[in-house]
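Colleague:
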Amino acid sequence: MKLADIAKMANVSKSTASLVLNGKPGVSDAKRAEILKLLEDSNYVRLRQPAQAKTPTNSPKVRFAAGTNENVVSLDYQQPFFNELIAYISSEINAAGLSLLMSIFPKDSLLEDIKNAELEEPSLGIILLGTNLTSALLRPISEAFENLVIIDTESSGIDCNTVTMNNFLGSFTAANYLLDLGHQKIGYIKGRPRINNFFDRRRGFVAALNERDIDVEHLTVFQMRGMQLFAAEQHLEALLYFAKSVTAIFCENDYIALSLIKLLQQNEISVPDDVSVIGFDDIHESWVITPELTTVHVPLREIANETVRLLHSKIESSGNKQAKKQIFLNPELIVRNSVKNLRHANKKIN
Numbered sequence: 001m002k003l004a005d006i007a008k009m010a011n012v013s014k015s016t017a018s019l020v021l022n023g024k025p026g027v028s029d030a031k032r033a034e035i036l037k038l039l040e041d042s043n044y045v046r047l048r049q050p051a052q053a054k055t056p057t058n059s060p061k062v063r064f065a066a067g068t069n070e071n072v073v074s075l076d077y078q079q080p081f082f083n084e085l086i087a088y089i090s091s092e093i094n095a096a097g098l099s100l101l102m103s104i105f106p107k108d109s110l111l112e113d114i115k116n117a118e119l120e121e122p123s124l125g126i127i128l129l130g131t132n133l134t135s136a137l138l139r140p141i142s143e144a145f146e147n148l149v150i151i152d153t154e155s156s157g158i159d160c161n162t163v164t165m166n167n168f169l170g171s172f173t174a175a176n177y178l179l180d181l182g183h184q185k186i187g188y189i190k191g192r193p194r195i196n197n198f199f200d201r202r203r204g205f206v207a208a209l210n211e212r213d214i215d216v217e218h219l220t221v222f223q224m225r226g227m228q229l230f231a232a233e234q235h236l237e238a239l240l241y242f243a244k245s246v247t248a249i250f251c252e253n254d255y256i257a258l259s260l261i262k263l264l265q266q267n268e269i270s271v272p273d274d275v276s277v278i279g280f281d282d283i284h285e286s287w288v289i290t291p292e293l294t295t296v297h298v299p300l301r302e303i304a305n306e307t308v309r310l311l312h313s314k315i316e317s318s319g320n321k322q323a324k325k326q327i328f329l330n331p332e333l334i335v336r337n338s339v340k341n342l343r344h345a346n347k348k349i350n
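Mapping the sequence shown onto UniProt numbering, position 1 (from 1) lands on 1, and the numbers just tick up by one.
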């Protein structure tokens, strides 16, 4: 059995399984135990022994910090998107000869908790997950720590270093793809609770419709849980009615898209024959579902690489004033099997 098979059984990426196999940080205790059990039960044998660890236990440390809150960032990072992002960051940190400290605190006391953690165990710099953090929370943290890089959120109005994906461009591209395939009755599913990334994706999608002279006022909108994979839907009848009223649905992330496909299939609505579905993030599960999900790929490996590179540059130039950088990495549309080409279908009928 290959490591990729183990990863699939554990519902994680291969990079996450590799971290567990090699005893590296970046994976929750519960998920680590699950993967180790699968490795043991399958009698997994490495084809080659891992090289001697490049980072000694006394290597300089970088802190990964996050603030938890209900329905967005959980204590054990079981959301596939965050699991994979942390795995890539851990890999980049180790490659740079550093070691990673994981610090997860309640969102509302995040600043004080990070300060206390730094007093107890100082680090050279901090990578802060900003997904669920408002400007009001980000600003004092950015002012308190010089060697800081904020990831996975756009922080306009704050003088800080950030690395994130271009959410606007991703949804703009997705909307144009649907329109190019002949879809005019397009539905939009918003994630709840609302986060900065969702607002940017909404803006990009609406901008594409406006550019193509599509009346945004008639855009059909629904809401679903945005941070839970295969979440139950309380308003199922309304969702089914919504799905039957459009030819395609854009979902603000893959959690929503995959949950939607499962619910539609359970109620005998075929994807993409009856309605097309497109997501955003390109998590591991998006290509193991049937049909495989057409989605916007977020370059997590590149985000991790740029984050560590930027933080390392800050550390190396410590004491020298540097202009803050906001880095946006462009996503890519990944075309799979969940969107129907209506122009092609109409030609067949005619």
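We put the CB at the ideal spot given by N, CA and C, even for glycine.
Which word fits residue 97, buried or exposed, when buried means at least 16 other C-beta atoms lie within 10 angstroms of its C-beta?
Modeller: exposed
Colleague: Helix, strand or coil, according to DSSP, for residue 332 in the structure here?
Modeller: Residue 332 falls in the strand class under three-state DSSP.
Colleague: Cutting at 8 Å between CB atoms, please list the residues of its own chain near residue 106, excluding the five before and the five after it.
Modeller: 67, 68, 69, 113
Colleague: Over the uninterrupted alpha helix (DSSP H) stretch that includes residue 183, give me the two end residues.
Modeller: Looking at the DSSP string, residue 183 is not in any alpha helix (DSSP H), and its letter there is neither H nor E.
Colleague: Bridge partners for residue 340 per DSSP, in chain order?
Modeller: Residue pairing by DSSP places residue 340 in no beta bridge whatsoever.
Colleague: Looking at the strands, I want to know which residues DSSP matches up with residue 105.
Modeller: 67
Colleague: Tell me whether the region 305-317 and the region 247-261 touch, counting them as touching only if at least three CB pairs, one residue from each stretch, are closer than 8 Å.
Modeller: Between the region 305-317 and the region 247-261 there are fewer than three inter-stretch CB-CB distances shorter than 8 Å, so the stretches are not counted as touching.
Colleague: Rounded to the nearest angstrom, what separates residue 192 and residue 223 at their Cα positions?
Modeller: 7 Å
Colleague: Report the CB separation of residue 128 from residue 65 in whole angstroms; it is logged as a contact under 8 Å.
Modeller: 5 Å
Colleague: Given the structure, does residue 233 come close to the ligand SAM, in the sense that its CB is under 7 Å from one of the ligand's heavy atoms?
Modeller: The ligand SAM is absent from the structure shown, which contains no ligand whatsoever.
Colleague: What three-state label does DSSP hand residue 297 in the structure shown?
Modeller: strand
Colleague: Tell me the rounded alpha-carbon separation between residue 10 and residue 87.
Modeller: 15 Å
Colleague: Tell me residue 227's beta-bridge partners as DSSP assigns them.
Modeller: Answer by DSSP bridge pairing: none, since residue 227 is not bridged.
Colleague: Identify whether residue 99 lies in helix, strand or coil by the three-state DSSP scheme.
Modeller: strand
Colleague: Please tell me whether residue 219 and residue 229 are closer than 8 Å, where the distance is taken between their beta carbons.
Modeller: For residue 219 and residue 229, no; Cβs fall outside 8 Å.
Colleague: For the region 133-194, list the alpha helix (DSSP H) runs that are entirely contained and at least 4 residues long, ordered along the chain.
Modeller: 135-144, 167-180
Colleague: Can you have a look at residue 241 and say buried or exposed, based on whether 16 or more other CB atoms are within 10 angstroms of its CB?
Modeller: exposed
Colleague: Let me know the secondary structure DSSP gives residue 363 once reduced to three states.
Modeller: Lying outside 1 to 350, the shown extent of the chain, residue 363 is not represented and no answer is given.
Colleague: Would a C-beta distance cut-off of 8 Å place residue 189 and residue 249 closer than the cut-off?
Modeller: The answer is yes: Cβ separation under 8 Å.
Colleague: Helix or strand or just coil, what does DSSP make of residue 264?
Modeller: helix
Colleague: Three-state secondary structure (DSSP) at residue 283?
Modeller: coil
Colleague: Quick one: grab the DSSP three-state call for residue 214.
Modeller: It is coil, neither helix nor strand.
Colleague: Under 8 Å: do the region 197-217 and the region 328-346 share three or more Cβ pairs, one atom per stretch?
Modeller: No, they do not touch.
Colleague: Based on DSSP bridge pairs, tell me the residues matched to residue 326.
Modeller: 162
Colleague: To the nearest angstrom, report how far apart residue 125 and residue 23 are at their CA atoms.
Modeller: 23 Å
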